[in-house]
Amino acid sequence: MKAIQFKEYGKPDVLRVVDVPVPPLKAGGVLIKVKAAGVNFADTARRYGQYLAKTPLPYIPGAEVAGIVAEVSPEVTNFKPGDRVVALTEDGGYAEIASLDQSQLVKIPDQVDFNQAASILGQGLSAYHILKTSGQIQKGETVLVHAAAGGVGTLAVQLAKLMGAGAVIATASSSEKLKLAVSLGADDGINYTEDNWHKKVLSSTGGKGTDIILEMVGGDIFKNSLKCMAPNGRLVIYGRAGGKETLFDPAVLMQRNISVVGFWLVHILKNPQLYKESVEELLQYIGEGKLQLVIGGALPLEEAKRAHELLEGRMTKGKLVLNP
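Residue numbers (our numbering): 2 to 325.
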């Protein structure tokens with residue numbers, strides 16, 4: 002089968018189209034004919050060897066897969082060949098066939114296509130649990146979503162409203178991206194590349210600040226985010242796209258009872274029931290038209306290198322998927 006693999010860490014050009022054996026069918030497992038694979042910043046971190054967990058070499062990236070069940074082991078009773086399914090996995094998604102455990106699978110509703118299903122897993126689950134599990138969102142609270150035109154951001158803007166947020170403030174690096182965030186339900190849009198953007202956030206909230214902030218850059222973005230938080234606010238860190246260590250004085254947190262919370266999706270996946278229930282809820286939102294997915298591009302599997310270049314160059318809006 003065809004797959005995308007890298008044998009050394011580095012820039013997007015380390016990604017290679019290769020022919021590899023079909024992965025084995027394990028006990029309690031299934032083989033999936035992949036129809037769509039999601040592309041994530043986590044994939045780029047894997048490629049650089051900078052992911053939170055060790056990335057072995059050679060490596061086939063891809064944690065989000067949607068497709069059709071091709072074969073099941075005798076122990077599998079809930080799925081059969083022909084079922085449309087979606088799953089999160091450790092690796093192997095950038096391929097024509099993926100081997101998965103049945104516990105990873107969720108059936109795709111008829112109203113949801115493969116690209117949509119693959120687009121909701123990593124970023125959708127992250128946005129969902131950053132707000133609900135880590136952020137402990139309460140009805141009427143104000144939420145600030147950084148990088149609101151990205152994969153997590155576009156979903157977080159909408160999910161915050163579905164979860165009862167009183168107002169959602171979006172930040173992005175251009176007016177075009179801010180228009181997208183506002184079209185998805187954001188109440189205000191602020192360009193975070195401009196000086197003193199945090200003062201505009203305070204102005205937008207009447208000086209109170211925001212109750213929840215979704216942050217994944219670090220550095221000055223993190224420090225200025227602390228300046229525009231409301232008392233008892235929660236800042237949830239779910240990435241470090243800036244790539245640099247961030248130092249701050251903990252006394253800043255004490256002044257307004259601010260909490261800084263770390264989020265890593267891996268720990269949600271360790272709770273199979275929580276994982277399955279939240280995926281099903283997200284798929285239901287899509288099927289009912291309550292959650293709009295922004296798919297910024299669907300590229301052939303062979304163009305994985307280009308997909309990574311677009312993602313790292315901040316040249317995308319919404320989600321990128323690969324179609325084997």
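Glycine included, every Cβ here is placed at the ideal spot set by N, Cα and C.
The structure presented is a predicted model; accordingly, all values stated were derived computationally and were not measured.
As assigned by DSSP and simplified to three states, the class of residue i
i, result
"GLY190", "strand"
"TYR60", "strand"
"GLY288", "helix"
"GLY165", "coil"
"GLU72", "strand"
"THR45", "helix"
"ASN272", "coil"
"ASN79", "coil"
"ALA242", "coil"
"GLU282", "helix"
"THR134", "helix"
"SER174", "coil"
Rounded distance between the beta-carbons of residue j and residue i, thought under 8 Å
i, j, result
"VAL322", "GLY39", "6 Å"
"GLY154", "VAL144", "No, GLY154 and VAL144 are not in contact; Cβ-Cβ is about 11 Å, not under 8 Å."
"LYS318", "GLY297", "5 Å"
"ALA71", "ILE33", "6 Å"
"LYS201", "GLY186", "That pair is no contact at about 19 Å."
"ALA96", "MET2", "6 Å"
"ALA99", "ASN324", "That belief does not hold up - the Cβ atoms of ALA99 and ASN324 are roughly 14 Å apart, past 8 Å."
Identity of the residue in the options nearest residue i by Cα
i, options, result
"ARG235", "THR134, THR194, GLN159, ASN116", "THR134"
"ALA128", "GLN139, GLN159, ALA43, GLY297", "GLN159"
"THR194", "THR211, VAL18, SER176", "SER176"
"ALA242", "LEU215, LYS277, MET255, ASN258", "LEU215"
"ALA88", "LEU270, GLU310, GLU9, GLY11", "LEU270"
"VAL1", "ASN197, LEU106, PHE42", "As displayed, the chain neither begins before 2 nor continues past 325, which places residue 1 out of reach and without an answer."
"ASP14", "MET316, LEU311, LYS306, GLY208", "LYS306"
"ASN116", "GLY68, ALA161, TYR95, GLN137", "GLY68"
"GLY94", "LEU254, GLN293, LYS12, GLN6", "GLN6"
"ASN225", "HIS199, GLY207, GLU246", "HIS199"
"GLY136", "GLY50, PHE264, ALA37, GLY207", "PHE264"
"ASP102", "LEU275, GLY83, THR78, ASP111", "THR78"
"GLY220", "LEU302, LEU248, ALA96, HIS130", "LEU248"
"LEU122", "ALA252, ALA157, ALA96, GLY190", "ALA157"
"VAL237", "LYS245, ALA252, THR211, ASP250", "THR211"
"LYS291", "MET164, GLU303, LYS245", "MET164"
"VAL267", "LYS320, VAL253, GLY240, LEU312", "GLY240"
Length of the line joining the Cα atoms of residue i and residue j
i, j, result
"LEU132", "ILE213", "8 Å"
"THR173", "VAL113", "Checking the sequence, you will find Ala at residue 173 rather than Thr. Those two C-alpha atoms are separated by around 28 Å."
"GLU76", "SER205", "56 Å"
"ALA4", "PRO232", "49 Å"
"PRO24", "SER104", "18 Å"
"LEU203", "THR90", "40 Å"
"PRO22", "GLN285", "35 Å"
"GLU282", "VAL169", "21 Å"
"TYR60", "LYS209", "47 Å"
"GLY288", "MET255", "43 Å"
"TYR10", "TYR52", "11 Å"
"GLY30", "ASN272", "18 Å"
"LEU1", "ASP92", "In the structure as shown, the chain begins at 2 and stops at 325. Residue 1 is therefore absent and cannot be evaluated."
"ASP188", "ARG48", "36 Å"
"ARG315", "GLY152", "11 Å"
"VAL280", "LEU126", "7 Å"
"LYS8", "LEU294", "33 Å"
"VAL19", "ILE191", "43 Å"
"VAL261", "GLY167", "21 Å"
Burial state of residue i (16 or more Cβ within 10 Å)
i, result
"LEU58", "exposed"
"LYS55", "exposed"
"VAL73", "buried"
"ASP44", "buried"
"PHE223", "buried"
"MET1", "Outside the displayed span of the chain (2 to 325) sits residue 1, for which this structure offers no information."
"HIS309", "buried"
"ALA149", "buried"
"GLY63", "buried"
"GLY141", "exposed"
"GLN274", "exposed"
"ASN41", "buried"
"LYS320", "buried"
"LYS178", "buried"
CB contact below 7 Å: residue i versus chain C
i, result
"TYR286", "Among the chains of the structure shown, chain C does not appear; only one protein chain is present."
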